[in-house]
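Enquirer: I'd like to ask some things about the structure below.
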Amino acid sequence: STIVLVFEAPNDFEFTVHSGQKVKVGERLGDV
Amino acid sequence: LINAWTETPTKWYPLPLAVGALLLVAIQYRKKVKRAQKEVQLDENGMEIIKLKGPWHVHVLGALPLRNMSRLWGYVNSLELPVWFRPHGLRLYAYAFGCNLDEIEPSDLREYPSLGAFFYRKLKDGVRPVAKAALVSPADGTMLHFGTVQGSRVEQVKGITYSLDALLGVERPGSPSSITSTVVEHNRDMSVVDDKEFANVNGIEYSLDQLIDAVPKKFGAQVDASIVEPERSMQDTLVHDASVALEMGFKPPLDKRPNTYVRPGNSLFFAVIYLAPGDYHRFHSPTAWVVEKRRHFMGELFSVSPFMAKRLENLFVLNERVALLGRWKYGFFGMVPVGATNVGSIKVNFDKDLRTNVRGKRPPPGTYTEAVYSAASPILQGQPLTPAEEMGGFRLG
């Protein structure tokens with residue numbers, strides 16, 4: 054199963070993860 | 002062999018002209034097929050026609066009755082296991098798929114009647130701390146891909162894209178995209194709420210109008226539901242909705258804007274998280290947001306493993322999925338749980354009417370049924386969710 058997120062955010066929004074990284078519920082994915 | 006390799010003389014023959022011509026034809030044909038696969042075909046409404054594209058083994062998979070197989074898988078895994086067997090069987094499963102048994106609730110494996118129940122297990126309180134960030138992970142899994150949406154195309158893997166409109170659906174009058182539209186009624190009585198009560202409940206010196214500029218004074222009149230949820234009091238509901246409103250810096254609904262609309266200075270971003278079979282399979286809210294509507298796209302149930310994502314184009318717009326659309330403090334926000342062969346059932350806690358992976362004739366690809374959640378919170382015009390609040394999950398079959 055997969056979850057796709059699509060969202061509008063300011064141009065300076067940055068993901069704080071990298072492809073292939075294991076993540077858990079509540080873990081930081083990105084921030085402005 | 003060594004002698005044959007070293008001593009046999011090499012003798013070159015000219016190829017017949019016909020063989021060379023055939024080779025050129027084959028190369029041209031291969032180029033044409035690849036070009037056709039990359040071309041986007043549109044229907045009379047300008048919507049992309051979603052078709053199965055990929056190497057031959059993808060087409061073999063496409064010929065299998067994946068939905069029936071998925072339902073059979075779900076049925077088999079819902080069968081009750083003997084109590085004596087449960088700890089051994091589930092421990093073996095946990096070992097094989099890397100499940101952490103220390104964080105599950107209940108921790109006694111004998112309390113899980115079937116593998117399906119274990120698959121949809123809960124976690125103990127506090128084992129998933131919530132980061133202070135604009136966006137947090139909605140699930141346990143692997144970050145497959147992320148980036149910005151370019152020209153209304155979302156990148157599935159490097160070099161393979163799919164249409165954003167096909168993923169989320171678009172509203173076009175007269176188009177076959179929208180089959181039915183219903184208002185999901187919620188068991189909340191909001192008709193008696195007023196500014197005073199709101200302030201009292203929150204114990205703070207502000208009124209609802211001060212908090213939210215765009216609140217209509219007579220909002221209570223628009224509500225259909227009249228039964229208060231027994232497990233959730235009016236007070237809890239108000240506090241919950243107010244916390245979402247405060248956190249997202251409440252803005253009124255976004256009207257019917259196309260999916261590609263963004264405010265000046267903003268961009269559309271995407272992220273794809275893959276849940277492996279051993280992962281905790283409930284999903285949570287990735288931020289403070291309001292879900293205004295859901296669109297259920299019935300579709301295929303291909304595997305969504307990274308292996309398939311690299312080979313099957315349009316995978317996420319071919320598969321059955323539930324697009325939850327709404328807004329957060331920066332504008333549009335969408336979350337799309339996508340089903341797969343083993344997990345065709347998508348559950349959304351605040352939408353009791355939603356049924357996925359059901360038997361029966363499927364509508365054409367790209368069509369969907371829609372429900373709006375405006376009755377959930379007349380103030381916020383949707384279902385408010387706090388960061389990491391449980392939203393639903395994937396079930397076997």
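These protein sequences, in sequence, are chains A and B. Under the working numbering, think of the first position of the first sequence as 54, with each following residue one higher. Under the working numbering, think of the first position of the second sequence as 2, with each following residue one higher. Ideal Cβ placement from N, Cα and C applies to all residues, glycine included.
#1: Is the Cβ of PHE303 of chain B closer than 8 Å to any Cβ of chain A?
#2: Taking 7 Å as the line, does the beta carbon of TYR121 of chain B fall inside it for any heavy atom of the ligand GTP?
#3: Indicate the three-state DSSP secondary structure (helix, strand or coil) for ASN78 of chain B in the structure shown.
#4: For the alpha helix (DSSP H) containing GLY73 of chain A, list its first residue and its last residue.
#5: Could you tell me if SER378 of chain B is buried or exposed, where buried requires 16 or more neighbouring beta carbons within 10 angstroms of its beta carbon?
#6: Using a beta-carbon distance below 8 Å, is LEU269 of chain B in contact with chain A?
#7: Using a Cβ-Cβ cutoff of less than 7 Å, which residues in the same chain neighbour PRO174 of chain B once the five nearest sequence positions on both sides are dropped?
#8: For THR55 of chain A, is the classification buried or exposed, using 16 other Cβ atoms within 10 angstroms of its Cβ as the cut-off for buried?
#9: For SER138 of chain B, which of A:GLY83, A:LEU58, A:PHE68 and A:VAL78 has the nearest alpha-carbon?
#10: Can you tell me the Cα-Cα spacing of ASN358 of chain B and VAL20 of chain B, whole angstroms?
#11: Examine chain E for any beta-carbon lying closer than 8 Å to the beta-carbon of VAL337 of chain B, and answer yes or no.
#12: Specify, as a first and last residue, the run of the beta strand (DSSP E) that PRO10 of chain B falls within.
#13: Quick test of your reading: TYR113 of chain B and ARG72 of chain B, contact by CB under 8 Å. State the CB separation rounded to the nearest angstrom.
#14: Pull up the CB-CB distance for SER286 of chain B and ALA389 of chain B, whole angstroms please, since I reckon it's below 8 Å.
#15: Can you grab the Cα-Cα spacing for the pair GLN74 of chain A / ASP352 of chain B, in whole Å?
#16: Helix, strand or coil: how does DSSP classify PRO307 of chain B here?
#17: Are any of the Cβ atoms in chain A nearer than 8 Å to that of ALA140 of chain B?
#18: Hey, how far is the Cα of GLY152 of chain B from the Cα of ASN267 of chain B?
#19: Which chain A residues are close to ILE274 of chain B, counting only those with a beta carbon under 9 Å from its beta carbon?
#20: Which whole-angstrom value is the C-beta distance of ARG129 of chain B and LEU110 of chain B, which I expect to be below 8 Å?
#21: Using three-state DSSP, classify ASN69 of chain B as helix, strand or coil.
#22: So what's GLN29 of chain B in DSSP terms, helix, strand or just coil?
#23: According to the Cβ coordinates, are LEU276 of chain B and VAL59 of chain A closer than 8 Å?
#24: Give the single residue among B:ARG36, B:LEU386, B:LEU319 and B:PHE298 whose Cα lies nearest to the Cα of THR368 of chain B.
#25: Can you look up HIS241 of chain B in the DSSP assignment and give me helix, strand or coil?
#26: Does the Cβ-Cβ distance between GLY335 of chain B and ASN320 of chain B come in under 8 Å?
#27: What ranges does the beta strand (DSSP E) occupy inside the stretch 288-372 of chain B, keeping only unbroken runs of at least 3 residues that lie completely in it?
#28: Can you check whether the C-beta of SER178 of chain B is within less than 8 Å of a C-beta belonging to chain A?
#29: Report the option in B:ASP242, B:PHE270, B:THR162 and B:GLY345 whose CA atom is closest to the CA atom of ALA310 of chain B.
#30: Does the Cβ of THR69 of chain A have 16 or more other Cβ atoms within 10 Å, making it buried, or fewer, making it exposed?
#31: Note down, in chain order, every chain A residue with its Cβ under 8 Å from the Cβ of LEU165 of chain B.
#32: By a C-beta neighbour count over all protein chains shown, 10 Å radius and 16 as the cutoff for buried, is PRO217 of chain B buried or exposed?
#33: If you follow the alpha helix (DSSP H) that PHE119 of chain B is part of, which residue opens it and which one closes it?
#34: Starting from TYR94 of chain B, trace the alpha helix (DSSP H) both ways and give me its first and last residue.
#35: Tell me, please, whether the CB atom of GLY99 of chain B is closer than 8 Å to any CB atom in chain A?
Expert: With the given structure in hand:
#1: no
#2: Absence of the ligand GTP from the depicted structure is noted, as is the absence of any ligand whatsoever, leaving it without description.
#3: helix
#4: From DSSP, GLY73 of chain A is part of no alpha helix (DSSP H); its letter is neither H nor E.
#5: buried
#6: yes
#7: Model confidence at PRO174 of chain B stands at a pLDDT of 42, short of 50, so the residue's coordinates are unreliable and nothing is read from them.
#8: buried
#9: A:VAL78
#10: 51 Å
#11: In the displayed structure, chain E is absent; the protein chains listed are A and B.
#12: Segment: none, PRO10 of chain B is in no beta strand (DSSP E) and carries neither H nor E.
#13: Rounded, the Cβ-Cβ distance is 21 Å, inconsistent with contact.
#14: 6 Å
#15: 31 Å
#16: helix
#17: yes
#18: 14 Å
#19: THR55, ILE56, VAL57, LEU58, VAL76 and LEU82
#20: About 21 Å separates the two Cβ atoms, so there is no contact after all.
#21: helix
#22: helix
#23: no
#24: B:PHE298
#25: helix
#26: no
#27: 290-298, 322-329, 332-339 and 346-349
#28: Caution applies to SER178 of chain B, whose pLDDT of 42 falls short of 50 and renders its modelled position unreliable; the value that the coordinates give is listed next. Chain A contact via Cβ: absent.
#29: B:THR162
#30: exposed
#31: VAL59
#32: Only weak support is given to the placement of PRO217 of chain B: the predicted model assigns it a pLDDT of 37, under 50, and the question is left unresolved by the model.
#33: 116-120
#34: 87-98
#35: no
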